[in-house]
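In my numbering, the protein residues as written are 120 to 327. In this text, a Cβ means the ideal position worked out from N, Cα and C, and glycines have one as well.
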């Protein structure tokens, strides 16, 4: 489905950004865990613009467990670098917006930190626990793929001269990033709200 679903002048007495924080987990819970897909939630109010991108880790780095091999560590590092380059991901038209913050959460696929210990027994305990973790991962894989789901999220905050003047946002400067096949977009503003689906041929989100 594309285009605006419905509009209101004031979606909530608590404010657009506050309401958006309620809609994001609701949308995530109701959406299927689909590889090659992602969700983008956009909230605008006054001079504030916030975007939250959420996607299965496999769609971003190619796996959903904690990074183990050098190649997987490199994939996580490159994904973080790409996600934090907001100017390469989003092209904003109108509103005179400037990026204030870009945070990427890849904790689900980052390698666990190791801690040095003077206690030899503690070291063996950690190793045993780690080994059990690997065994458990293996069991999960054999038990069913649905048991191994991890998401990657990124949050972008902009300060704008006037968000009501924001005409559109293009996602991806040359095609959807990470080879994504589709992105479900939900936007909410003082002007109203809407939803649409992006793909490699349709990457522009229009607000006017």
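Residue 248 burial status per 10 Å Cβ neighbour count (16 or more: buried)
Residue placement at residue 248 is flagged as unreliable, the pLDDT there being 43, under the threshold of 50; the coordinate-derived value follows with that caveat. So residue 248 ends up on the exposed side.
Tell me whether the segment 265–281 and the segment 209–221 touch, counting them as touching only if at least three CB pairs, one residue from each stretch, are closer than 8 Å.
These segments touch.
Within 10 Å of its beta-carbon, does residue 187 have 16 or more other beta-carbons around it, so buried, or fewer, so exposed?
Counting the other Cβ atoms within 10 Å of the Cβ of residue 187 gives fewer than 16, which makes it exposed.
Using CA atoms only, rank isn't needed, just tell me which of 317, 323, 311 and 291 is closest to residue 345.
A question about residue 345 goes unanswered here, because the residues of the chain that appear run from 120 up to 327.
Residue range of the beta strand (DSSP E) that residue 169 falls in?
Unbroken beta strand (DSSP E) run through residue 169: 167–175.
My output table needs one value for residue 255: the three-state DSSP class, helix, strand or coil.
Here the model assigns residue 255 a pLDDT of 42, short of 50, so the residue's position is not dependable and the matter cannot be decided.
Could you pull out every residue in the same chain whose Cβ sits closer than 6 Å to the Cβ of residue 161, ignoring the five residues on either side in sequence?
These residues qualify, in order along the chain: 170 and 306.
According to DSSP, what are the bridge partners of residue 288?
Paired residues: 211 and 324.
Between residue 159 and the rest of its own chain, which residues show a CB-CB distance below 6 Å, the 5 nearest in sequence each way excluded?
If we look at residue 159 and ignore the five residues flanking it on each side, its Cβ neighbours are 172, 302 and 304.
Would residue 299 and residue 156 be called neighbours here (beta carbons separated by less than 9 Å)?
Cβ distance < 9 Å, so residue 299 and residue 156 count as in contact.
If you draw a straight line from the C-alpha of residue 311 to the C-alpha of residue 216, how long is it?
Rounded to the nearest angstrom, the gap between the Cα atoms of residue 311 and residue 216 is 19 Å.
Given residue 209 as reference, the closest of 318, 288, 315 and 197 once Cα atoms are compared
Nearest of 318, 288, 315 and 197 to residue 209, Cα basis: 288.
Environment of residue 270 [buried if 16+ CB atoms lie within 10 Å]
Label assigned to residue 270: buried.
Classification of residue 190 by the beta-carbon crowding that lies within 10 angstroms, buried from 16 upward
Exposed, since its Cβ has fewer than 16 Cβ neighbours within 10 Å.
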